[in-house]
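Residue numbering for the sequence shown is 44 to 877, as defined by this note's numbering.
Glycine included, C-beta positions come from ideal geometry on N, C-alpha and C.
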Amino acid sequence: MTEAVARSATTKKTAATPEKPDTDRRSARKATKTAKTVKAVKTARTAKKPARSGPGGSRFAADPSASTVGDLPEALLTPEEPAAPVAAVASKEDVTPDRNSSADTRSDAVSSLVAAAEDAQLTALFREVEQPPVRRFLDRELSWLAFNERVLELARDADLPLLERARFLAIFASNLDEFFMVRVAGLKRRIATGLAVRAASGLEPRDLLGRIRSRAHELQAEHAKLFSADIAPALAEANITIARWDQLAEDEQGRLHRFFREQVFPVLTPLAVDPAHPFPYISGLSLNLAVVLRNPVTEKEMFARVKVPQLLPRLVNVDADDEANNVDEGDDLPRARFVPLEDIIATHLDQLFPGMEVLEHHTFRVTRQEDLEVEEDDVENLLKALEKELLRRRFGPPVRLEVAEDIGPHMRELLVREMGVSESEVFPLPEPLDLRGLNLVADLDRPEMHYPKYVAATPRQLSEVERSKPTNVFDAIKRRDILLHHPYDSFSTTVQAFLEQAADDPQVLAIKQTLYRTSGNSPIVDALIDAAEAGKQVLAVVEIKARFDEEANIAWARKLERAGVHVVYGIVGLKTHAKLSLVVRQEADGLHRYCHVGTGNYNPKTARLYEDLGLLTCDPQVGEDLSRLFNQLSGYAPKTAYRRLLVAPRSLRTGLVDRIEREIANHEAGRPAGVKIKINSIVDEVIIDALYRASGAGVKVDVIVRGICAIRPGVPGLSENIRVRSILGRFLEHSRVFWFAGGGEPVVYIGSADMMHRNLDRRVEAMLRLRDPRDVAELEELLNVSMDADTASWHLDGEGAWTRHHHDADGQPLRDLQSYIIASRPPKRSGRRR
Numbered sequence: 044m045t046e047a048v049a050r051s052a053t054t055k056k057t058a059a060t061p062e063k064p065d066t067d068r069r070s071a072r073k074a075t076k077t078a079k080t081v082k083a084v085k086t087a088r089t090a091k092k093p094a095r096s097g098p099g100g101s102r103f104a105a106d107p108s109a110s111t112v113g114d115l116p117e118a119l120l121t122p123e124e125p126a127a128p129v130a131a132v133a134s135k136e137d138v139t140p141d142r143n144s145s146a147d148t149r150s151d152a153v154s155s156l157v158a159a160a161e162d163a164q165l166t167a168l169f170r171e172v173e174q175p176p177v178r179r180f181l182d183r184e185l186s187w188l189a190f191n192e193r194v195l196e197l198a199r200d201a202d203l204p205l206l207e208r209a210r211f212l213a214i215f216a217s218n219l220d221e222f223f224m225v226r227v228a229g230l231k232r233r234i235a236t237g238l239a240v241r242a243a244s245g246l247e248p249r250d251l252l253g254r255i256r257s258r259a260h261e262l263q264a265e266h267a268k269l270f271s272a273d274i275a276p277a278l279a280e281a282n283i284t285i286a287r288w289d290q291l292a293e294d295e296q297g298r299l300h301r302f303f304r305e306q307v308f309p310v311l312t313p314l315a316v317d318p319a320h321p322f323p324y325i326s327g328l329s330l331n332l333a334v335v336l337r338n339p340v341t342e343k344e345m346f347a348r349v350k351v352p353q354l355l356p357r358l359v360n361v362d363a364d365d366e367a368n369n370v371d372e373g374d375d376l377p378r379a380r381f382v383p384l385e386d387i388i389a390t391h392l393d394q395l396f397p398g399m400e401v402l403e404h405h406t407f408r409v410t411r412q413e414d415l416e417v418e419e420d421d422v423e424n425l426l427k428a429l430e431k432e433l434l435r436r437r438f439g440p441p442v443r444l445e446v447a448e449d450i451g452p453h454m455r456e457l458l459v460r461e462m463g464v465s466e467s468e469v470f471p472l473p474e475p476l477d478l479r480g481l482n483l484v485a486d487l488d489r490p491e492m493h494y495p496k497y498v499a500a501t502p503r504q505l506s507e508v509e510r511s512k513p514t515n516v517f518d519a520i521k522r523r524d525i526l527l528h529h530p531y532d533s534f535s536t537t538v539q540a541f542l543e544q545a546a547d548d549p550q551v552l553a554i555k556q557t558l559y560r561t562s563g564n565s566p567i568v569d570a571l572i573d574a575a576e577a578g579k580q581v582l583a584v585v586e587i588k589a590r591f592d593e594e595a596n597i598a599w600a601r602k603l604e605r606a607g608v609h610v611v612y613g614i615v616g617l618k619t620h621a622k623l624s625l626v627v628r629q630e631a632d633g634l635h636r637y638c639h640v641g642t643g644n645y646n647p648k649t650a651r652l653y654e655d656l657g658l659l660t661c662d663p664q665v666g667e668d669l670s671r672l673f674n675q676l677s678g679y680a681p682k683t684a685y686r687r688l689l690v691a692p693r694s695l696r697t698g699l700v701d702r703i704e705r706e707i708a709n710h711e712a713g714r715p716a717g718v719k720i721k722i723n724s725i726v727d728e729v730i731i732d733a734l735y736r737a738s739g740a741g742v743k744v745d746v747i748v749r750g751i752c753a754i755r756p757g758v759p760g761l762s763e764n765i766r767v768r769s770i771l772g773r774f775l776e777h778s779r780v781f782w783f784a785g786g787g788e789p790v791v792y793i794g795s796a797d798m799m800h801r802n803l804d805r806r807v808e809a810m811l812r813l814r815d816p817r818d819v820a821e822l823e824e825l826l827n828v829s830m831d832a833d834t835a836s837w838h839l840d841g842e843g844a845w846t847r848h849h850h851d852a853d854g855q856p857l858r859d860l861q862s863y864i865i866a867s868r869p870p871k872r873s874g875r876r877r
């Protein structure tokens with residue numbers, strides 16, 4: 044559920060690995076530059092445009108988009124919160140490398156673009172003059188943990204299908220792994236190197252780390268208890284069991300003896316620890332057995348480690364090869380019995396250590412920092428540098444040690460010492476550890492225990508005529524813009540068909556495509572290869588730094604290059620996160636550009652699970668905008684201007700703030716005013732302060748956020764007109780929508796950007812303004828239903844607490860948004876382009 048970051052060094056920088064001298068010099072120059080900037084801000088007292096009055100008489104910066112010292116607003120930091128703005132740009136994900144340090148070697152064009160990103164980041168330094176009655180930002184890390192707690196609440200919900208509840212347990216575990224690998228690891232490293240500063244929420248780094256660990260301990264304990272006390276017994280009632288070895292029948296044990304001998308034993312590598320065998324390296328997220336052995340001759344005790352193979356099933360289906368016995372006598376329910384792989388290995392430890400006595404064994408698991416750092420300015424070949432950094436990833440420092448709760452004190456002490464973790468980083472849990480394996484259980488073919496099956500439809504504009512051949516996508520787009528809402532609209536018959544027809548169409552001259560994450564055996568990549576082999580000009584902007592998809596994207600990049608596709612990796616220092624596709628087609632009346640702009644990745648697999656929006660259009664303005672943006676990504680075009688797009692890092696934040704300010708003006712003039720936002724995460728202080736100003740002026744603001752939210756809603760004198768809701772369900776809510784009342788003429792943008800520092804300052808993002816009134820009305824209705832009191836959701840209060848509202852006063856279930864859309868989604872209308 045979740046996001047990638049800018050790289051800042053070619054090697055991992057930990058407390059035990061000093062930075063290179065050149066990195067030290069860059070850091071010193073950055074610190075000097077920042078100090079000079081803040082000093083200049085504090086002394087810039089020349090006459091300025093008066094700041095707009097905010098709630099409670101507080102004054103907020105009227106121009107949060109100022110980019111030079113001479114144009115800076117008067118608003119300064121208060122003495123009570125001197126470090127809060129810096130925290131917005133100083134975390135692991137949120138530190139921009141010193142790009143000025145290599146400006147003399149970079150082309151003026153790229154320098155200008157990256158400077159724009161720096162200018163945008165500097166806006167986060169300017170806040171209100173007077174401190175509001177409460178700290179105005181919730182903490183992003185604690186807010187993320189609250190998001191994962193909402194996932195846990197879904198697993199706890201007895202109204203949901205049982206196997207879906209098991210899947211939510213697996214999702215919770217996977218989410219928490221990534222949180223520790225990236226966010227906790229980054230915070231821990233910054234503290235160790237002295238780079239950590241106070242968070243925007245006002246929490247000091249060590250205090251924040253302590254709160255994270257404390258809450259994570261509580262959530263993991265709740266997670267384990269929910270599985271053992273609720274989900275596992277419920278599964279057993281449905282004839283699905285996760286059994287321990289001693290619970291198996293003799294014939295079942297016999298099958299697993301054979302399975303171990305034939306498929307497990309050959310790949311195991313037991314590692315002893317003694318003067319000749321140092322303590323082995325424990326790779327991140329691997330499950331391991333810690334074994335205490337005794338030599339019966341010398342009576343000497345020894346320690347050994349056995350790694351549970353990650354390429355074998357985490358849970359072994361005992362009945363997988365015995366279909367005849369899959370239904371118990373007298374029971375109509377099919378039987379499924381699973382045994383943890385580590386139990387099978389533990390039972391056969393005597394075969395791994397013949398002649399030794401096995402005294403005890405326990406499972407443990409370590410989580411390591413696994414984020415990547417590449418100083419793009421300092422490498423000649425980004426692809427090779429990233430490949431080298433991927434090899435270093437598994438050697439990151441540990442940030443969490445999970446152990447079986449019954450582990451002995453001596454073995455625990457040994458693991459803590461050898462792993463180099465503190466006691467606060469040790470998580471004792473009931474076995475089995477690593478409940479990500481529940482995905483195997485959730486995949487069982489038991490329809491009555493899953494959400495009702497749903498098959499995505501093809502929009503009417505693309506299926507108006509029944510015939511054997513698919514509708515000509517280009518003809519359909521010519522008639523009118525086609526707004527797509529996945530997964531309710533099929534990805535394969537819309538976006539995928541658009542690119543496949545473009546690859547096969549002899550009238551198509553060129554295809555340009557961004558790729559951030561895609562699937563294995565991707566039909567999108569295949570279409571681009573087919574187009575290149577057909578002689579078309581094909582450009583692929585591949586983001587090889589997409590977190591945890593780096594290796595896959597490197598493989599796609601090389602495959603595309605071999606086929607003759609022009610592959611570029613975007614702009615130095617910026618990730619390309621925009622979801623764009625451009626097709627240039629020769630027609631009788633000249634060249635036409637067909638475009639797709641979306642909120643989600645070009646990935647057919649996740650498109651069946653992620654809720655996203657997209658627009659297919661041949662509007663000339665959009666075509667011109669996309670041509671300019673692709674030229675900027677593949678060449679040098681730093682001064683590009685756009686008509687229908689807001690593009691980060693240059694104009695997205697300022698464009699949205701300007702729209703919010705217009706709503707304030709509309710409200711003051713007595714015209715319709717309002718702001719509605721649907722987003723994954725919102726943290727950016729400049730955007731939030733703009734929403735606070737709107738609230739203070741009387742503008743109603745509704746925010747639907749799936750994940751992190753730093754807004755404090757409903758606080759008198761600060762945000763009494765702001766409401767925040769969160770919706771989670773069978774599909775991952777992933778679309779980004781911005782709606783503005785516009786004085787009676789609503790304005791709607793969709794696009795790829797969340798309101799995070801990384802999205803607005805260090806990524807290439809694109810938001811597209813919709814023009815067709817029907818599309819605008821459809822998305823307004825989506826936002827209204829999402830916020831409706833009869834729709835199930837979580838409500839956020841000003842203290843950061845989320846409360847679930849999913850039953851009415853009579854105890855009846857409230858409307859599930861996703862089920863409602865499936866049941867009542869209106870048919871797509873056809874018609875000519877307006």
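Inset, instruction - Express the C-alpha separation of ASN338 and PRO318 in angstroms, rounding to a whole number. - result: Indexing the sequence shown from 1 puts residue 318 at position 275. Indexing the sequence shown from 1 puts residue 338 at position 295. So the alpha carbons of these two residues sit roughly 16 Å apart.
Inset, instruction - Give the straight-line distance between the Cα atoms of PRO321 and LEU314, rounded to the nearest whole angstrom. - result: As a working note, residue 321 is residue 278 in the sequence shown. As a working note, residue 314 is residue 271 in the sequence shown. Approximately 9 Å, taken between the alpha carbons.
Legend entry - Nearest to VAL442 (by Cα), restricted to the options HIS453, GLU456, MET454, MET462: As a first step, residue 442 is located in the sequence shown; it is residue number 399 there, counting from the start. Nearest to VAL442 by alpha-carbon distance, out of HIS453, GLU456, MET454, MET462, is MET462.
Legend entry - Same chain, Cβ closer than 8 Å to HIS493, five either side skipped, listed in chain order: By 1-based counting over the sequence shown, the position of residue 493 is 450. Result list for HIS493: PRO204, LEU206, GLU207, in chain order.
Inset, instruction - Look up THR697 in the DSSP assignment and say whether it is helix, strand or coil. - result: Residue mapping note: residue 697 aligns to position 654 of the sequence shown, counting from 1. In this structure, THR697 counts as helix in the three-state DSSP scheme.
Inset, instruction - Go through its chain and collect everything with a Cβ distance to ARG489's Cβ below 7 Å, but skip five positions before and after it. - result: On the sequence shown, residue 489 is found 446 positions in, with the first residue counted as 1. Contacts found: LEU206.
Inset, instruction - Determine the direct distance from the alpha carbon of ASN674 to that of LEU689, and round the result to whole angstroms. - result: In the sequence shown, residue 689 corresponds to position 646, counting from 1. In the sequence shown, residue 674 corresponds to position 631, counting from 1. Cα to Cα, the separation comes out at about 16 Å.
Inset, instruction - If I'm right that GLU261 touches ARG226 with Cβ under 8 Å, what's the distance once you round it to whole angstroms? - result: Reading the sequence shown from its first residue, position 218 is the one you call residue 261. Reading the sequence shown from its first residue, position 183 is the one you call residue 226. Wrong, their Cβ atoms sit about 17 Å apart, outside the cutoff.
Inset, instruction - Look up ASN360 in the DSSP assignment and say whether it is helix, strand or coil. - result: Taking the sequence shown and counting its residues from 1, the one referred to as residue 360 is at position 317. Strand, per DSSP.
Inset, instruction - Can you tell me the Cβ-Cβ gap for PRO495 and PHE774, rounded? I've got them flagged as a contact below 8 Å. - result: The residue given as residue 495 occupies position 452 in the sequence shown. The residue given as residue 774 occupies position 731 in the sequence shown. Actually they are not in contact, since the Cβ atoms of PRO495 and PHE774 sit about 13 Å apart, beyond 8 Å.
Legend entry - Nearest neighbour of GLN539, chosen from ASN644, ARG671, ASP273 [CA to CA]: The count along the sequence shown starts at 1 and reaches residue 539 at position 496. Nearest Cα to GLN539 within the set ASN644, ARG671, ASP273: ASN644.
Legend entry - Residue from ALA546, PHE223, VAL828, HIS609 with nearest C-alpha to VAL626: As a first step, residue 626 is located in the sequence shown; it is residue number 583 there, counting from the start. Its Cα nearest to that of VAL626, the residue ALA546 stands out among ALA546, PHE223, VAL828, HIS609.
Inset, instruction - Evaluate the contact criterion for the stretch 757–767 versus the stretch 694–711: three or more CB pairs, one atom per stretch, below 8 Å. - result: no
Inset, instruction - Taking GLY666 as the reference, give the member of TYR685, LEU278, MET224, ALA499 with the closest Cα. - result: Within the sequence shown, residue 666 is the residue found at index 623, counting from 1. The candidate whose alpha carbon is nearest that of GLY666 is TYR685.
Inset, instruction - State the beta-bridge partners of PHE381 as determined by DSSP. - result: Here residue 381 is taken as the residue at index 338 of the sequence shown, counted from 1. Bridge partners of PHE381: ILE285, ASN360.
Legend entry - Segment limits, alpha helix (DSSP H) that includes PRO663: Looking up residue 663 in the sequence shown gives position 620. PRO663: member of the alpha helix (DSSP H) spanning 663–677, first to last residue.
Inset, instruction - Give the single residue among ARG378, GLN290, ALA277 whose Cα lies nearest to the Cα of ALA363. - result: In the sequence shown, counting from the first residue as 1, residue 363 sits at position 320. For ALA363, the nearest C-alpha among the options comes from ARG378.
Inset, instruction - Identify the continuous alpha helix (DSSP H) that holds HIS453 and give its terminal residues. - result: The sequence position of residue 453 within the sequence shown is 410, counting from 1. Run containing HIS453: 452–462, per the alpha helix (DSSP H) assignment.
Legend entry - Given GLU385 as reference, the closest of LEU402, VAL349, GLY398 once Cα atoms are compared: Here residue 385 refers to the residue found at position 342 when the sequence shown is read from its first residue. Closest in C-alpha terms to GLU385, from the list LEU402, VAL349, GLY398, comes VAL349.
Inset, instruction - Report back the beta-carbon spacing between MET798 and ASP745 to the nearest angstrom; my notes put them in contact at under 8 Å. - result: Here residue 798 corresponds to residue number 755 of the sequence shown, with the count starting at 1. Here residue 745 corresponds to residue number 702 of the sequence shown, with the count starting at 1. Contact between MET798 and ASP745 does not hold, since their C-beta atoms are separated by about 14 Å, which reaches or exceeds 8 Å.
Inset, instruction - Could you tell me the boundaries of the alpha helix (DSSP H) in which THR236 lies? - result: What you label residue 236 is simply residue 193 of the sequence shown in a count that begins at 1. 228–236 is the extent of the alpha helix (DSSP H) around THR236.
Inset, instruction - Decide yes or no for the touch test of the stretch 327–341 against the stretch 286–296: beta carbon pairs closer than 8 Å, at least 3 of them. - result: As far as the Cβ criterion goes, the stretch 327–341 does not touch the stretch 286–296, which means the pair count is below three.
Legend entry - Contacting residues, own chain, Cβ-Cβ under 8 Å from GLU576 (five flanking each side not counted): Residue numbering aside, residue 576 sits at position 533 when the sequence shown is read from its first letter. Excluding residues within five positions, the ones whose Cβ falls inside 8 Å are ALA606, GLY607.
Inset, instruction - With a 10 Å radius around its C-beta and 16 neighbouring C-beta atoms as the bar for buried, classify HIS710 as buried or exposed. - result: Numbered from its first residue, the sequence shown carries residue 710 at position 667. Buried: at least 16 other Cβ atoms inside 10 Å.
Inset, instruction - Can you say whether SER724 is buried or exposed, counting buried as having 16 or more other CB atoms within 10 angstroms of its CB? - result: Stepping through the sequence shown from its first residue, residue 724 is reached at position 681. Flag for SER724 reads buried.
Legend entry - Cβ neighbour criterion (16 or more within 10 Å) applied to ALA844: Position 801 of the sequence shown, counting from 1, holds the residue named residue 844. Exposed.
Inset, instruction - Could you pull out every residue in the same chain whose Cβ sits closer than 6 Å to the Cβ of SER186, ignoring the five residues on either side in sequence? - result: In the sequence shown, residue 186 corresponds to position 143, counting from 1. ILE751, CYS752, listed in sequence order.
Inset, instruction - Using a Cβ cut-off of 8 Å (strictly closer), state whether GLY237 contacts chain C. - result: Of the chains in the structure shown, none is chain C; there is only one protein chain.
Legend entry - Option nearest GLY713 by Cα separation, candidates VAL610, GLU728, VAL742, VAL726: On the sequence shown, position 670 is the one that residue 713 refers to. Scanning VAL610, GLU728, VAL742, VAL726 for the CA closest to the CA of GLY713 turns up VAL742.
Inset, instruction - Express the C-alpha separation of LEU826 and ALA820 in angstroms, rounding to a whole number. - result: Here residue 820 refers to the residue found at position 777 of the sequence shown. Here residue 826 refers to the residue found at position 783 of the sequence shown. For ALA820 and LEU826, the distance between alpha carbons rounds to 10 Å.
Inset, instruction - Apply the 10 Å Cβ neighbour rule to PRO5 and answer buried if 16 or more other Cβ atoms are within range, or exposed otherwise. - result: Summary: the structure shown does not reach residue 5, with the chain confined to residues 44 through 877, and so no result is reported for it.
Inset, instruction - With DSSP as the reference, label ALA347 as helix, strand or coil. - result: Counting from one through the sequence shown, the residue named residue 347 turns up at place 304. Of the three classes helix, strand and coil, the one that applies to ALA347 here is strand, per DSSP.
Legend entry - Any 3 or more C-beta pairs closer than 8 Å across the stretch 779–791 and the stretch 720–735: These segments touch.
Inset, instruction - Please confirm whether any heavy atom of the ligand PLP lies closer than 7 Å to the CB of PRO323. - result: The ligand PLP is absent from the structure shown, which contains no ligands of any kind.
Inset, instruction - Compute the distance between the beta-carbons of LEU571 and VAL581, then report whether it is under 8 Å. - result: As a working mapping, residue 571 is identified with position 528 in the sequence shown. As a working mapping, residue 581 is identified with position 538 in the sequence shown. Yes.
Inset, instruction - Output yes or no for whether 8 Å exceeds the beta carbon distance between LEU658 and ASP524. - result: Counting from one through the sequence shown, the residue named residue 658 turns up at place 615. Counting from one through the sequence shown, the residue named residue 524 turns up at place 481. The answer is yes: Cβ separation under 8 Å.
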